[in-house]
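J.: I'd like to ask some things about the structure below.
Chains as they are written, first to last, in my numbering: chain X, 2 to 254; chain F, 393 to 795; chain U, 3 to 317.
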C-alpha cells in the first residue's frame, strides 16, 4: 500500500547576508533575502528518495509568512507533489509551532512518514522533532545520517557526538536528518517552471487556535567578537617567524 | 516616442520568480560542481567528461529547446541567466554548452520534423554533443566567402572543404556544416547559393584535422574540420537548398545574446573580486578602497556593468516578447557587454596590481577569456553595422544596404 | 521554593548543569536526575541537594524525557535544565510538550531577572547573539557543554531512588558503533589545530598531527573532513552542527571559514589561520593569518616551534 510522506520546510533569513550595524550590533532584517533553511533541502531530498519505495506522495508543510512561497516553490521544483502553507503573521515560538504543526498534520492524514531537518539555520533550536514525536506519540529517529525502509519499519543511523547508533522504528514514524544524509538535487529549468503549476494550499494559523507559551526574544545583536585580522604575507620562513612571534606575545604557545 | 522606440515601456525588463529560482540553482550547481575544478581545467586545458555529463543531465544543453523535443522549453531570459551565472565561474563552459545552441537553433527554426526528432532530443538531454561549422580560415565575418562546396550526386550530397575555429568540434557527435551548393548569381548576391547540412561524426571522409591553440577559454577547444568527399543524404539539408546564409544568420542572431551574457558574467565576477580585494587590501596604511583612484575605477566598473546588464536582459525581454527590435537590442548588448567586460577585467588587474597577473588569483584568466567574446557570434565591428542597419530599417523601413 | 531539576546523559555536563541551577537560584533545591545504575559519586558531589536515580531506565531520549517529566510531577516543578547535546535537545523538545512550558536550546548563559528566566543563545549560524526570556517558574533550558564550570568543594548529596512507570520504547537499538574517544575532549582543549578542505589527501593528516604534537594541541576539523570525506570522526567536527569549542588558541589550517564553521569557534581566544587563498573568509575572522600553502607553512612552523623548544631547554 502506498505510504505518503510529509516533509517540514522553513523559509529563513539567509544568515550569510545579514547586514549588521558595526556600532550597535543592530540587524536590519528588511534588507536580508530569504532562503530555504539549508538542512531542509536534505529532508526534501530524503523524502523524494524514499518516495520511490513508499509509492505515495510527498507533501511539504510550512509555517510562515507569504515570503515562504519562494522556498516552497523550490521544494516543488525538486519534486515535492504538493505544498501546504500555514500562514502566520510573523515569528512563531517553537512551542506554538509544534502545536500548530500537530493540527496541520492531522489535516494531512493519512501519512506514514514525517521528515524534517535536525534544525533550522536561523534559530537552530532543534526542538521540533522531539516536540512532534511527543505530541503525536510516534517514534522518532533524530539526527539520522542514513535512512532505509525495511518492510514496514524505518531503520536509521543516528549520528551522535561520540557514537553512531543504528535504530529501528515501525511506521508511522518521524525522522530528523543531518546534512550528511544526502546531496540535495538541483532541479532543472523545466522542473522549476512546472513547480509554478503545482498545488499550494494556504491555511491561516489563527484558524487553528493555538497560543504561545511565553517565550520572548528580548534582544538580538550581530556584534561579533572583533578579531585583530592581521594578515601576514611574504616568504614562508619570514611569515612563520612573524606568526610565532605574535603567538608568543599572545602567550598561547 | 522615445527614439528609436515607441515609448519608454519598450525598455522594460520582464522576469518571473521562476527566473530567480533558476539563477539560484544554476549558481549553486556551478559553485558546487564546477568551481572546485576550475584550476584543474585551466591547468590541463580539459574538462573532465563526468562534469560535462552532469552539465548535460541537468538539461543545460537544451534550455532553449522545446519540451516536445526533449528540451527545457526555456525562454531567452533563461538562456541569458544560464550564461551569466556559468560565466561567473567558468566562461569556457558557456562556450562548451553554447555551441550546442548553434546546432539546435537552426534545426528548431528550419529543420524538418524528422530532423528535429532525430537530433534535438539527444542533444537537449545531454546524451550527445553538437557543434556548428560555418567559419573557415578565409571566411569569418564574410560568411558568403566560404570555400567549402557541396555537389549533388545521385540523390546524395558530396561535401568538400575545410572548416576552421570550430568550438567543441572535438567532442561533437553532430554538426551543422555550411557549404556552397551553387555559384552566386552576381557579385551583389554572394550570399545566395549556400546550403546548411547536418553531418554526423564518423561520416566517411569527415575528420578533425587539427587542434588549434588559442588564447583563453581553456578547456573549450577549437579545431579544424576536414571534409573529403563526405556523403550525406538529401534529408540532411537544413532549411531549403540555397537558403544557408539565412539559416546561419538567424542562428547567430539567436546566439548573440548568449555571448553578451557570457561577457556579463565575466564583468560581474571580476567586479566582485575587485571590490572585495579593495576592501581587504591595505596600502600606504589604508585600505585600497580609501584611495580615490581605486574608487574611480570601481565606480566606472559598476557603471559599465550595470549598463551592460540592462542591455542584455532588455534584449532578452524583447526576444521573449517576440519583438523584431530584438536584433537591434541584441547587437547593442553584445557590443556593450563584451567591451565593458574587457575594460572591467583590465581595470581589475590595475586594482590587484601584481597579484592580478598571478594565475592563482583567478583574475587574469577572465581577461584572457573575454577577448574572443568580442569576435565570435558576429564581431563587434559587424554588430555596429547591424545596429545602424536595423535602426534605419526599424524607424524608416529602409534597408541601407539595398538603398 | 520549587526545586530545579537537572538531567544530562553526559556525566560531566550533568555536573555543570547543577552549577547553572545554583546560578538561577542559590536557595532552591537542585535535584539531579540520573538514569540507570551507573556510578553517581561524581554527580552527588557536584553541589546538588539530591540525586534522583531512576534505576532501570535507559538513557535514550524518549525514556529520559518521560522519566524526568515524572520526577518533575512528583516534585511539583516545571523548572528543568538539560544538556544541549543532540540527545539532550530531543529530550528538551519532548519535555517542553510533557510539561507544557517553553523551551530553549543551545544556551550559553541562564539567569533569573525580574521574575523571568533569561537565556543567551546564538542564532543565524552564530552571527547573532540572542537574549530571550521565559516565565521564571516554567521552562526547559538546554545548556551547552562547558557553558558552566562544575562547582568545587561541595558536600556529598544523598541519593533517592525514584520509581517511574515503565516508558514505552518505540525505537529499538540495533547496534552502536562507538567512535574511539579522541585523545582529549576538544571542548576542554587549550589548543586546537583544526584542518579543512585545504588538505589534499588523508595521508597528509600526518602533517597536521606533527603540528599538533609540536604545539601540544588537539586536532579538530571542519565539516567536509568528517562528514563528507570521513578522514576524521564526527567528534572532531567543529561548527554549528558539530561541537563548539573555546580553546586559548585555535589554529585553522586550510579552512576557508564558512559561517557554519565560525559558529563553532566564536569563543576561542586567539584564532590563527593558514590558507593559500587570500580572499578566504577566515582572514576576516582571525587574529593572525598567514597567506601561504599549508604544505610549506606547516612544516616550517613545526621546524621553528621545535627549534624554539630546543632553545628553551638550553641545547
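Glycine included, each C-beta is placed from N, C-alpha and C at the ideal position.
What's the C-alpha gap between residue 132(U) and residue 103(X)?
T.: 27 Å
J.: Using a Cβ-Cβ cut-off of 6 Å (strictly less than) and excluding sequence neighbours within five positions of residue 180(X), which residues of its own chain qualify?
T.: Short of 6 Å from the beta carbon of residue 180(X), and not among the five residues preceding or following it, lie these beta carbons of its own chain, in chain order: 40 and 43.
J.: Three-state secondary structure (DSSP) at residue 559(F)?
T.: strand
J.: Per the contact definition of three or more C-beta pairs closer than 8 Å, is the stretch 134 to 149 of chain U in contact with the stretch 94 to 110 of chain U?
T.: yes
J.: Report the option in 226(X), 239(X), 238(X) and 250(X) whose CA atom is closest to the CA atom of residue 21(X).
T.: 226(X)
J.: Tell me whether residue 273(U) sits in a helix, a strand or coil according to DSSP, three-state version.
T.: strand
J.: Tell me whether residue 189(U) sits in a helix, a strand or coil according to DSSP, three-state version.
T.: Helix at residue 189(U).
J.: Tell me which residues of the stretch 134 to 164 of chain U have at least one Cβ-Cβ distance to chain F shorter than 9 Å, keeping chain order.
T.: none
J.: Would residue 74(X) count as contacting chain F if we go by Cβ distances under 8 Å?
T.: yes
J.: Is residue 655(F) near residue 762(F), with beta carbons less than 8 Å apart?
T.: yes
J.: Grab the span of the beta strand (DSSP E) containing residue 219(X) for me, first residue to last.
T.: Note, residue 219(X): beta strand (DSSP E), 217 to 222.
J.: What ranges does the alpha helix (DSSP H) occupy inside the stretch 93 to 121 of chain U, keeping only unbroken runs of at least 4 residues that lie completely in it?
T.: Counting only runs of at least 4 residues, the stretch 93 to 121 of chain U fully encloses no alpha helix (DSSP H) element at all.
J.: Is it right to say residue 445(F) is buried, meaning 16 or more other beta carbons lie within 10 angstroms of its own, or is it exposed?
T.: Classification of residue 445(F): exposed, given that the 10 Å Cβ count is below 16.
J.: If you follow the alpha helix (DSSP H) that residue 409(F) is in, where does it begin and where does it stop?
T.: 409 to 421
J.: Return the residues of the stretch 451 to 465 of chain F that lie within a Cβ-Cβ distance of less than 7 Å from chain X, sorted by chain order.
T.: 451, 455, 459, 464 and 465
J.: Can you find a CB in chain X that lies within less than 8 Å of the CB of residue 185(U)?
T.: Only weak support is given to the placement of residue 185(U): the predicted model assigns it a pLDDT of 42, under 50, and the value that follows is read from those uncertain coordinates. So, not an interface residue.
J.: Can you tell me which of the three DSSP states residue 644(F) falls into?
T.: helix
J.: Whether or not the stretch 700 to 718 of chain F and the stretch 748 to 755 of chain F are in contact is what I'm after, with contact meaning three or more pairs of Cβ atoms, one per stretch, closer than 8 Å; do they touch?
T.: no
J.: What are the boundary residues of the beta strand (DSSP E) that includes residue 36(X)?
T.: 35 to 37
J.: Smallest Cα separation from residue 407(F): which of 505(F), 711(F) and 698(F)?
T.: 711(F)
J.: Under 8 Å Cβ-Cβ, which residues of chain U neighbour residue 742(F)?
T.: Result: empty, since nearest Cβ-Cβ is about 18 Å, beyond 8 Å.
J.: Look up residue 151(X) in the DSSP assignment and say whether it is helix, strand or coil.
T.: Residue 151(X) falls in the strand class under three-state DSSP.
J.: Do we get a CB-CB distance below 8 Å when we pair residue 188(X) with the residues of chain F?
T.: It does; some Cβ of chain F falls within 8 Å.
J.: If distances are taken between C-alpha atoms only, which option among 638(F), 544(F) and 668(F) comes closest to residue 740(F)?
T.: 668(F)
J.: Could you have a look at residue 221(U) and say whether DSSP puts it in helix, strand or coil?
T.: strand
J.: Using the C-alpha atoms, what's the distance from residue 66(U) back to residue 168(X)?
T.: 17 Å
J.: Let me know if residue 502(F) comes out buried or exposed under the rule of 16 or more other beta-carbons within 10 Å of its beta-carbon.
T.: So residue 502(F) counts as buried.
J.: Secondary structure at residue 758(F), three-state DSSP: helix, strand or coil?
T.: Helix, per DSSP.
J.: The alpha helix (DSSP H) spanning residue 355(F) covers which residue range?
T.: There is no way to answer for residue 355(F), as the model of chain F reaches only from 393 to 795.
J.: Run down chain U in chain order and give the residues with a C-beta less than 7 Å from the C-beta of residue 668(F).
T.: Going along chain U in sequence order, the residues near residue 668(F) (Cβ under 7 Å) are 281.
J.: Does residue 251(X) have its Cβ less than 8 Å from a Cβ in chain U?
T.: yes
J.: Excluding the 5 residues preceding and the 5 following residue 38(X) in the sequence, name in chain order all residues of the same chain whose CB lies nearer than 6 Å to its CB.
T.: 11, 13, 121 and 122
J.: Looking only at its chain, what residues have a beta carbon closer than 7 Å to the beta carbon of residue 203(X), apart from the 5 residues adjacent to it on each side?
T.: Counting only Cβ-Cβ distances below 7 Å, and skipping sequence neighbours, we find 86 and 88.
J.: Decide if residue 653(F) is buried, meaning its Cβ has at least 16 other Cβ atoms within 10 Å, or exposed.
T.: buried
J.: Thinking residue 114(X) and residue 55(X) are a contact (beta carbons under 8 Å), I'd like their distance in whole angstroms, please.
T.: 7 Å
J.: With DSSP as the reference, please indicate the residues paired to residue 618(F) in a beta bridge.
T.: 554(F) and 599(F)
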